[in-house]
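Residue 81 in UniProt numbering sits at position 81 of the sequence shown, and the numbers go up by one each step. For reference, the structure is listed below as structure tokens.
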Amino acid sequence: KPNIEWPKSHQRYRTMMMEKMDILNTWHHKIPPYIARNLSASSFVETLISPLLHILSPPTIRPVAFQLLSDKEKNDLAQLVSTMVSYTITYKTVKSDILPQTQRCDVVDSLARSLVPPISDFINLKDYTSNHYVLSIAIKQLLVHDVRLH
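Written out as structure tokens, the structure reads:
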């Protein structure tokens, strides 16, 4: 007698979708009300993720000591920190084996920094590569430090 099993891909997809929605809703509740009231979870996923990733990774900031940054770069860094604080976004140290392939290019050791909440996971689609700039680990560490100070 053959053993018939139901397909598991739908259940796996549903579980992943529920996890992502839970992450998104938890993050949405942490955002200040003056931003959250104009931002629904569906509109965020559909329209804002890609532009937000570009805003959070400006190519104009060089990975050098803060004292060596130009005034424009310091201003860009301050605006970036302000945006991250407003949207309650930061970086967290994670093992590099769980990072998406697009972020492995700047991993030097077994640890790296990934966005919290994991915004890039919401646009991690098959055969899609995001073309946003990946910040160096030094810049990410500087951002974590500045976000904690605010």
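All C-beta atoms in this analysis are idealised placements derived from N, C-alpha and C, irrespective of residue type, glycine included.
Asked	Found
Hey, D76 and T60: beta-carbon distance below 8 angstroms or not?	yes
Using CA atoms only, rank isn't needed, just tell me which of T83, S130 and S136 is closest to S50.	S130
Using the C-alpha atoms, what's the distance from K95 back to V81?	24 angstroms
Tell me the DSSP bridge mates of K95?	L111
Taking the alpha-carbon of Q141 as reference, which of F122, I123 and P63 has the nearest alpha-carbon?	P63
Which residues in the same chain have their Cβ closer than 8 angstroms to the Cβ of E5, if we skip the five residues on either side of it in sequence?	none
Near R113, what residues of its chain come up, given a Cβ to Cβ distance below 8 angstroms and the 5 sequence neighbours on each side ignored?	Y91, K92, T93, V94, I137, K140, Q141 and V144
Given that a residue counts as buried once 16 or more other Cβ atoms are within 10 Å of its Cβ, and exposed if not, what is I119?	buried
If you reduce the DSSP assignment to three classes, tell me which class V144 lands in.	helix
Cβ of S57 within 8 angstroms of Cβ of Y133?	yes
Closest to P32 by CA distance: which of M18, T83 and L125 is it?	T83
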